[in-house]
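Written below as structure tokens is the structure these notes are about.
There are 2 protein chains.
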Amino acid sequence: MSKLALEHFLPYRLNRLSSAVSQQFRAVYGPHHDLTVPEWRVLATLAQFGTMTAKAIGKHSSMHKTKVSRAVRALEERRWLTRCESEHDRREESLSLTAPGLQAYGEIVPRALAFEAGILAALGPHAEPLLRALALMEERFPVD
Amino acid sequence: MSKLALEHFLPYRLNRLSSAVSQQFRAVYGPHHDLTVPEWRVLATLAQFGTMTAKAIGKHSSMHKTKVSRAVRALEERRWLTRCESEHDRREESLSLTAPGLQAYGEIVPRALAFEAGILAALGPHAEPLLRALALMEERFPVD
DNA sequence: AATCGACAGTTACCAAAGCAACCATCTCGA
DNA sequence: TCGAGATGGTTGCTTTGGTAACTGTCGATT
């Protein structure tokens, strides 16, 4: 009978690693601004692209529309984001960051990049191959 | 102001990939035996090591004790697992798989290995570096 | 042997995520 | 122009996961 060692099994390892990295990453924005992961993703996406709709945010950040909806509301209550009804289609809303939102983003980004750089530096020469392998796997497991 | 592209950000990419792989993997044991991920982990761990306690399962599969507790109960109700009070310490229970549990495991494992092999094959020469990088990162983000 | 702190495991409670139903609006075709 | 289906977004329900409190047992110290 074939055997399987869980600790060497790829899906398990990816899952474990992803959780650990996410949890550590929370320390980057946690202490100052208490964000959830979906909120962070909405913030980052809006900062990256400027004004856009909830649908577009969800597509770019791989989040279900309910997750986006709730994260948007949370950021709105924090005054980091404003809604503005699109004039040519009143179903959708144009979302954009406010000045405080942009400022918070500006504070988080350098630390986020430093966090990532720290991991890549620890990988040293293995960083490059890892990123290539990641890209290949992302291609194999595309966004739904 | 520094910029961050979410789709290239390592924690995001790991998280996305891990979810996608896990979801695809559910198709491996999903259709025949409807297992959750924690249940699969308990099954795999018990099959790997034979009789052991819930605490030990949690440690090996990186799961919180409540997750283990619930997965164990679910497998017990399915008659895939039996509890047996340890005689030298009545706080802990010796858990082991039943014949049906072992049989289900035996059916799942080859397909799980094939699933993993498929991914690694698609990575081709990038597989080896990926695994090395994974190991390095696991070292950097150890189990709590 | 009585008690205190540690420990295995369960349960209760709360936060987060997904699914499905829903509302409002748009588009397209008769 | 009006009706049917599609679409952006929200809300309610259910499932899942985590934290903390609890139960019962052990080991050690007295």
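Protein chains in written order, with the numbering used here: chain A, 1317 to 1460; chain B, 1317 to 1460. Cβ coordinates follow ideal geometry from the N, Cα and C atoms, glycine included. Note that the structure is a prediction, hence the values are computed from the model and not measured.
**Message:** Suppose you measure from the CA of residue 1442 (chain A) to the CA of residue 1336 (chain B); what does that come to, to the nearest Å?
**Reply:** Reading the first sequence from its first residue, position 126 is the one you call residue 1442 (chain A). Reading the second sequence from its first residue, position 20 is the one you call residue 1336 (chain B). Each residue's alpha carbon lies about 23 Å from the other.
**Request:** Compute the Euclidean distance between the alpha carbons of residue 1416 (chain A) and residue 1356 (chain B), then round it to the nearest angstrom.
**Result:** Residue 1416 (chain A) sits at position 100 when you count from the first residue of the first sequence. Residue 1356 (chain B) sits at position 40 when you count from the first residue of the second sequence. If I take the Cα positions, the gap works out to 45 Å.
**Prompt:** What separation, rounded to the nearest whole angstrom, lies between the Cα atoms of residue 1395 (chain B) and residue 1347 (chain B)?
**Reply:** Locating residue 1395 (chain B) in the second sequence gives position 79, where the first residue counts as 1. Locating residue 1347 (chain B) in the second sequence gives position 31, where the first residue counts as 1. Distance between the alpha carbons of residue 1395 (chain B) and residue 1347 (chain B): 19 Å.
**Asked** Among the residues of its own chain, which have a CB less than 8 Å from the CB of residue 1323 (chain B), if the five just before and after it don't count?
**Response** As a first step, residue 1323 (chain B) must be located in the second sequence, where it is residue number 7. Hits under 8 Å: 1329.
**Chain-order list of residues whose beta-carbon lies under 7 Å from that of residue 1399 (chain B) (same chain, five-residue window excluded)** = For the purposes of this step, residue 1399 (chain B) is taken as residue 83 along the second sequence, with counting starting at 1. So the list reads 1392, 1409, 1411, once near-sequence residues are dropped.
**Prompt:** Do the stretch 1433-1449 of chain B and the stretch 1352-1368 of chain B touch if we need at least three Cβ pairs shorter than 8 Å?
**Reply:** no
**Prompt:** Quick one: which chain B residues come within Cβ less than 7 Å of residue 1360 (chain A)?
**Reply:** The count along the first sequence starts at 1 and reaches residue 1360 (chain A) at position 44. Correct list: 1320, 1322.
**Item:** 7 Å Cβ cutoff, residue 1410 (chain A) in contact with chain B
**Value:** Your numbering for residue 1410 (chain A) matches position 94 in the first sequence. For residue 1410 (chain A), the answer is no, since every Cβ of chain B falls outside 7 Å of its Cβ.
**Item:** Near-chain A residues of the stretch 1413-1440 of chain B - C-beta to any C-beta below 7 Å
**Value:** 1422, 1425, 1426, 1428, 1429, 1432, 1435, 1438, 1439
**Item:** Span separating the alpha-carbon of residue 1359 (chain A) from that of residue 1318 (chain A)
**Value:** On the first sequence, residue 1359 (chain A) is found 43 positions in, with the first residue counted as 1. On the first sequence, residue 1318 (chain A) is found 2 positions in, with the first residue counted as 1. Roughly 47 Å between the two C-alpha positions.
**Opening and closing residue of the alpha helix (DSSP H) in which residue 1392 (chain A) lies** = Residue numbering aside, residue 1392 (chain A) sits at position 76 when the first sequence is read from its first letter. Segment 1381-1393, the alpha helix (DSSP H) holding residue 1392 (chain A).
**Asked** If you run the structure through DSSP and keep just helix, strand and coil, what is residue 1398 (chain B)?
**Response** The residue given as residue 1398 (chain B) occupies position 82 in the second sequence. Correct three-state label for residue 1398 (chain B): strand.
**Message:** Tell me the rounded alpha-carbon separation between residue 1459 (chain B) and residue 1378 (chain B).
**Reply:** Here residue 1459 (chain B) is taken as the residue at index 143 of the second sequence, counted from 1. Here residue 1378 (chain B) is taken as the residue at index 62 of the second sequence, counted from 1. Answer to the nearest angstrom: the Cα atoms are 7 Å apart.
**Message:** Within 7 Å of any Cβ in chain A, is that where the Cβ of residue 1380 (chain B) sits?
**Reply:** Position 64 of the second sequence, counted from the first residue, corresponds to residue 1380 (chain B). No, residue 1380 (chain B) does not count as interfacial toward chain A.
**Asked** Would residue 1278 (chain A) be called buried (16 or more neighbouring beta carbons within 10 Å of its own) or exposed?
**Response** The displayed coordinates of chain A run from 1317 to 1460. Any statement about residue 1278 (chain A) would go beyond what the structure contains.
**Prompt:** Between B:1421, B:1389, B:1437, which lies nearest to residue 1361 (chain B) when the distance is taken from Cα to Cα?
**Reply:** Residue 1361 (chain B) sits at position 45 when you count from the first residue of the second sequence. Answer by Cα proximity: B:1421.
**Item:** Any chain B beta carbon closer than 7 Å to residue 1338 (chain A)
**Value:** Taking the first residue of the first sequence as position 1, residue 1338 (chain A) is located at position 22. Cβ-Cβ to chain B under 7 Å: yes for residue 1338 (chain A).
**Item:** Rounded C-alpha distance that separates residue 1449 (chain B) from residue 1370 (chain A)
**Value:** Here residue 1449 (chain B) corresponds to residue number 133 of the second sequence, with the count starting at 1. Here residue 1370 (chain A) corresponds to residue number 54 of the first sequence, with the count starting at 1. Rounded to the nearest angstrom, the two C-alpha atoms are 35 Å apart.
**Asked** Exposed or buried, what is residue 1432 (chain A) when buried is set at 16 or more other beta-carbons lying within 10 Å of its beta-carbon?
**Response** Residue 1432 (chain A) sits at position 116 when you count from the first residue of the first sequence. Residue 1432 (chain A) is buried by the Cβ-count criterion.
**Request:** Give me the Cα-Cα distance between residue 1401 (chain A) and residue 1367 (chain A), rounded to the nearest whole angstrom.
**Result:** In the first sequence, counting from the first residue as 1, residue 1401 (chain A) sits at position 85. In the first sequence, counting from the first residue as 1, residue 1367 (chain A) sits at position 51. If I take the Cα positions, the gap works out to 12 Å.
**Asked** With a Cβ-Cβ cutoff of 7 Å, do residue 1425 (chain A) and residue 1320 (chain B) count as a contact?
**Response** Your numbering for residue 1425 (chain A) matches position 109 in the first sequence. Your numbering for residue 1320 (chain B) matches position 4 in the second sequence. Yes, the Cβ-Cβ distance between residue 1425 (chain A) and residue 1320 (chain B) is below 7 Å.
**Request:** Verify whether the separation of the beta carbon atoms of residue 1327 (chain A) and residue 1341 (chain B) is less than 7 Å.
**Result:** As a first step, residue 1327 (chain A) is located in the first sequence; it is residue number 11 there, counting from the start. As a first step, residue 1341 (chain B) is located in the second sequence; it is residue number 25 there, counting from the start. Against a cut-off of 7 Å, the Cβ pair of residue 1341 (chain B) and residue 1327 (chain A) comes out as a contact.
**Asked** Beta-carbon separation of residue 1413 (chain A) and residue 1397 (chain A) under 7 Å?
**Response** For the purposes of this step, residue 1413 (chain A) is taken as residue 97 along the first sequence, with counting starting at 1. For the purposes of this step, residue 1397 (chain A) is taken as residue 81 along the first sequence, with counting starting at 1. Yes, the pair counts as a contact, with Cβ atoms nearer than the cut-off.
**Message:** Just verifying my parser: in three-state terms, what is the DSSP assignment at residue 1411 (chain A)?
**Reply:** For this step, residue 1411 (chain A) is matched to residue 95 along the first sequence. If DSSP states are grouped into helix, strand and coil, residue 1411 (chain A) belongs with the strands.
**Prompt:** Taking Cβ positions, are residue 1333 (chain B) and residue 1453 (chain A) nearer each other than 7 Å?
**Reply:** Within the second sequence, the letter at position 17 stands for residue 1333 (chain B). Within the first sequence, the letter at position 137 stands for residue 1453 (chain A). Cβ distance < 7 Å, so residue 1333 (chain B) and residue 1453 (chain A) count as in contact.
**Three-state secondary structure assigned by DSSP to residue 1368 (chain B)** = Numbered from its first residue, the second sequence carries residue 1368 (chain B) at position 52. In the structure shown, residue 1368 (chain B) sits in a strand (DSSP, three-state: E or B).
**Prompt:** Where does residue 1319 (chain B) fall in DSSP's three states?
**Reply:** Sequence index remark: in the second sequence, residue 1319 (chain B) carries index 3 (1-based). Reduced to three states, the DSSP call for residue 1319 (chain B) is coil.
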